[in-house]
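So the structure is just underneath, and the comments pick up after that.
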Amino acid sequence: MERPHLIEFSKVGTSSLGYLSIAQNSTLPFRVERVYWTYFTPDSVIRGHHAHYELEQLIFAVSGNIEFVLENVNGEKLTFLLDRPNLGLYVPKMYWRTIKLSHSAVLLCLASQEYEESDYIRDYNTFKKIVLN
Ligand code: TYD
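All residue numbers for the sequence shown refer to my numbering, where the first residue is 90 and numbers rise by one.
Set out below in structure tokens:
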């Protein structure tokens, strides 16, 4: 099973000119089929509360800070803080996630599949009962 991990993307530029970072399929853990972004999330809201059967994601805080708590079916919990725009979080399939965004945060997600509701596990007890072989 793949494990969640942070990926540091290189920064091109200088502090006087600003920076850019690059993601392209040849250097990513999966082929990107979809991109989405979330924004204007109020401080008090916790998003996520789901896992995916197959979807893999690479997530960036292109602005602001984002805290991710990821839990697998064995109950192992991992916390990640995205606090720099050149830091990506690889989220494998089958991780329950809760996501806290600072108000100004913009979450950018590169995803391995197009949107399919049947790939979501939205009930925590259903998720915890899944046995992986
Ligand atoms: P969801 O993935 O549950 O958001 P979050 O985990 O950030 O709280 O998606 C919220 C809603 O948006 C849900 O009704 C499904 C819809 N949606 C799409 O239609 N296409 C997409 O690519 C995504 C990510 C969500």
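Note that CB positions come from ideal geometry on N, CA and C, so glycine has one too.
Owing to the predicted nature of the structure, the values given are computational and were not obtained by experimental measurement.
- No Cβ-Cβ contact shorter than 8 Å links Gln-146 with Leu-190.
- The C-alpha of Tyr-179 is placed about 11 Å away from the C-alpha of Glu-97.
- The distance from the Cβ of Ile-135 to that of Thr-187 is about 5 Å, consistent with a contact at the 8 Å cut-off.
- Judged by pairs of C-beta atoms under 8 Å, the stretch 124-132 does not touch the stretch 161-168, as fewer than three such pairs exist.
- Here the stretch 204-214 does not lie against the stretch 168-178, with fewer than 3 beta-carbon pairs under 8 Å apart.
- Arg-92 is not a Cβ neighbour of Gln-202, given a cutoff of 8 Å.
- Phe-98 carries a coil assignment under DSSP once its states are collapsed to helix, strand and coil.
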